[in-house]
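Below: the structure, in structure tokens.
2 protein chains.
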Amino acid sequence: MEQNTDHTLVFLGSCQESVDAELTRLLDQASAAPARLREAMAYSLLGGGKRIRPALCLGAAQVVGNSVEEALVPACAIEAIHAYSLVHDDLPAMDDDDLRRGRPTVHIAFDEATAILAGDALQTAAFEWLANAPQLDADTRLKMVAELARASGQSGMVGGQAIDLASVGKALSLDDLETMHRHKTGALIEASVRIGALTAGDHARERLPALSRYARALGLAFQVQDDLLDIEGDTAVIGKPQGSDAARDKPTYPALLGVDGARSHLRDLLTQAQDALADCGTEADPLRAMADFVVSRSH
Amino acid sequence: MEQNTDHTLVFLGSCQESVDAELTRLLDQASAAPARLREAMAYSLLGGGKRIRPALCLGAAQVVGNSVEEALVPACAIEAIHAYSLVHDDLPAMDDDDLRRGRPTVHIAFDEATAILAGDALQTAAFEWLANAPQLDADTRLKMVAELARASGQSGMVGGQAIDLASVGKALSLDDLETMHRHKTGALIEASVRIGALTAGDHARERLPALSRYARALGLAFQVQDDLLDIEGDTAVIGKPQGSDAARDKPTYPALLGVDGARSHLRDLLTQAQDALADCGTEADPLRAMADFVVSRSH
Chain S
53 MEQNTDHTLV FLGSCQESVD AELTRLLDQA SAAPARLREA MAYSLLGGGK RIRPALCLGA
113 AQVVGNSVEE ALVPACAIEA IHAYSLVHDD LPAMDDDDLR RGRPTVHIAF DEATAILAGD
173 ALQTAAFEWL ANAPQLDADT RLKMVAELAR ASGQSGMVGG QAIDLASVGK ALSLDDLETM
233 HRHKTGALIE ASVRIGALTA GDHARERLPA LSRYARALGL AFQVQDDLLD IEGDTAVIGK
293 PQGSDAARDK PTYPALLGVD GARSHLRDLL TQAQDALADC GTEADPLRAM ADFVVSRSH
Chain C
53 MEQNTDHTLV FLGSCQESVD AELTRLLDQA SAAPARLREA MAYSLLGGGK RIRPALCLGA
113 AQVVGNSVEE ALVPACAIEA IHAYSLVHDD LPAMDDDDLR RGRPTVHIAF DEATAILAGD
173 ALQTAAFEWL ANAPQLDADT RLKMVAELAR ASGQSGMVGG QAIDLASVGK ALSLDDLETM
233 HRHKTGALIE ASVRIGALTA GDHARERLPA LSRYARALGL AFQVQDDLLD IEGDTAVIGK
293 PQGSDAARDK PTYPALLGVD GARSHLRDLL TQAQDALADC GTEADPLRAM ADFVVSRSH
């Protein structure tokens, strides 16, 4: 585990570096856009995220034998979708959060209208970047657009946010909770891995089922760990007020399973994720290490 | 003019019918999405819009010799972008409008969080529909995705909304006002025509410059007429409180040019739009009639 975590930190660090540089370059392309809008987009997108989704995308590209280079723009597009969802999720009419990653949220640092527009433009940018991604043929880019849209729209991430809003204060079963998370965060995590694999074009097909299984287990594990951190972590480390989910009466894994039950569920999901990669060779080591990282992270 | 208007009403009516049927079909595809979210999307998208952008897309497809069928899904994708922009534009933090097309706006009929999510999901749906549009090859669909994203993002429509927000209460020059409108509404109108022409693949290239000139003049004409209607129309006909732009101290053409000056500018733009189609035959009659319609409409 220790060794894997070291491996992950190197891999994650290298991903963060290349993704941050590429995001900066992509944002600079639209230099004619209004300054305040561009600043809000950059504030949200370059605000020090862990780049877990881009790293999963780049890790999956490595599994199918591709270099980081071909998957870099798609990885940035996925991060732009993630960033837009956070900006809108934090809005007063949604979760009403003032703090994200230890900094004021976009509607606090700028204003609410700018936050709405910055989120909108980040979503559009994701599809524009994907459509213009270099080194990939039209068919592959189009498959990625379709994959990202399916995962992030009404049947995926946004649908999950709608389920989340509707479930505040309600007693959910474990099945209901998992359905919500599979949509809200799981779909984009699965798409991250699948889009990375799609860099290999048709050759990706044989690896897609295993990679999808890995990503589905990892996506839920990520959420269980998030819930555990929310009750166990402290505000300074996790970057948002500790206990904020419970305070809003949101359903969580520890509330349904108890803390020990949630920890045990987390271990099961980690095993499922690792088992899914059993037929892959050392080229899947970054993804293996990412799974260990997700369940052991402290924020 | 009368004849053209009759022609337009037949063309627009036929477009409305096929676009409404296709939008209903496309929305029904995502039957697994949460009900309230789907209802809000349908409320916004099927709420009786004039379908001017889809009609321009279908009209342009006819100019390059293509049938309505191939341009129908792209036309619906454009309308989804338009609908999402209206939902978000009406939000309390933006224009704070309670009424749209004579009905309560989405955040009034549902709630603010649902309106944010419905707008987000409508944008995603637009790109998903385009990526999966039938009867078009991957390269064409990808070009359409790139075109729609460029026109609707930070350098296009959303950028224009940011300029609009920043310009409330400010004295704008005519150049500034046109820059704002070229982004806020012009870019999507131009993209509607260009995407329609792209149904012809590479054969579209020779027609694109003329069609773009037509669309740029029409986009501005549309806005001048909107400003004139805002001070001349009545609430029952235009579907929003008359004088609402002036009341918010938004810059308008009549404020800058006077009512007569704005009317004269409108006629010039109409001439530019019609002149751009001079080399096209009768296949461009629907677009010619659309231009007459836009400047003579009463709402």
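Those protein sequence lines, which keep their order, are chains S and C. Quick note on this note's numbering: the first sequence kicks off at 53 and runs consecutively. Quick note on this note's numbering: the second sequence kicks off at 53 and runs consecutively. Note that CB positions come from ideal geometry on N, CA and C, so glycine has one too. All figures in this text were calculated on a predicted structure; none of them were measured in a lab.
S/Pro86 sits in coil when the DSSP states are folded into three classes, being neither helix nor strand. Distances from the CA of S/Val245 to each of S/Ala218, S/Ala173, S/Ala203, S/Asp278 were compared; the closest alpha carbon is that of S/Ala203. Note that the segment 192 to 206 of chain C touches the segment 172 to 186 of chain S; at least 3 beta-carbon pairs, one per stretch, sit closer than 8 Å.
Apart from sequence neighbours up to five positions away, the residues of its chain that approach S/Ala267 with a beta-carbon distance below 6 Å are Ile241, Glu242, Val245, ordered along the chain.
Contact residues of the segment 161 to 178 of chain C toward chain S are Asp163, Glu164, Ala165, Thr166, Ala167, Ile168, Leu169, Ala170, Gly171, Asp172, Ala173, Leu174, Gln175, Thr176, Ala177, Ala178 (C-beta to C-beta distance below 9 Å). For S/Arg90, the residues of chain C that pass the 8 Å Cβ criterion are Gln206, in the order they occur in the chain.
For S/Gly211, the enclosing alpha helix (DSSP H) covers residues 209 to 219. For the 9 Å CB-CB criterion, S/Gln275 and S/His233 form a contact. In this structure S/Pro261 is exposed. Its beta-carbon is surrounded by fewer than 16 other beta-carbon atoms within 10 angstroms. Taking 9 Å as the cut-off, the Cβ atoms of S/His140 and C/Leu138 do not count as close.
Residue pairing for C/Arg315: DSSP places it in no beta bridge. Taking 8 Å as the upper bound for CB-CB distance, C/Leu89 and S/Ala145 are not in contact here, some 14 Å apart.
Identification of residues in the segment 213 to 227 of chain C having a C-beta nearer than 8 Å to some C-beta of chain S yields Gln213, Ala214, Ile215, Leu217, Ala218, given in sequence order.
Look at C/His140: its C-beta is under 9 Å from a C-beta on chain S. If you compare the alpha carbons of S/Ala218, S/Tyr136, S/Ser66 with that of S/Gly205, the shortest gap goes to S/Tyr136. Residue contact check for C/Arg268 against chain S: no CB pair falls below 9 Å. Against S/Gly211, the close residues of chain C are Ala85, Pro86, Leu89, in the order they occur along the chain (beta-carbon pairs closer than 7 Å).
Under the 8 Å Cβ criterion, the segment 61 to 79 of chain S counts as touching the segment 338 to 350 of chain S, having at least three qualifying pairs.
In the structure shown, S/Pro144 falls within a coil segment according to DSSP collapsed to helix, strand and coil. Collapsing the DSSP output to three states places C/Pro156 in a strand.
The beta carbon of S/Glu180 sits closer than 9 Å to some beta carbon of chain C. Interface annotation, S/Asp191: in contact with chain C, CB-CB separation under 9 Å. Per DSSP, the continuous alpha helix (DSSP H) segment holding C/Thr192 begins and ends at 190 to 204. C/Leu151 sits in a strand when the DSSP states are folded into three classes. Close CB contacts of C/Ala223 within its chain, under the 8 Å cut and outside five residues either way in sequence, are with Pro303 (chain order). C/Leu272 and C/Leu229 have their C-alpha atoms roughly 10 Å apart. DSSP places C/Leu280 within a helical segment (H, G or I) once states are collapsed to three. S/Gly99: not part of any alpha helix (DSSP H); DSSP gives it neither H nor E. A straight-line Cα-Cα distance of about 14 Å links S/Cys332 and S/Arg257. DSSP places S/Phe345 inside the alpha helix (DSSP H), whose first and last residues are 337 to 348. In the structure shown, the three-state DSSP call for C/Gly310 is helix.
In the three-state reduction of the DSSP assignment, C/Gln81 falls in the helix class.
For C/Gln114, the enclosing alpha helix (DSSP H) starts and ends at 104 to 115.
Shown here for C/Ala177: same chain residues with a beta carbon closer than 6 Å to its own, the five before and five after excluded, namely Ala132 in chain order. Distance from the CA atom of S/Leu321 to the CA atom of S/Thr237, rounded to whole angstroms, is 15 Å.
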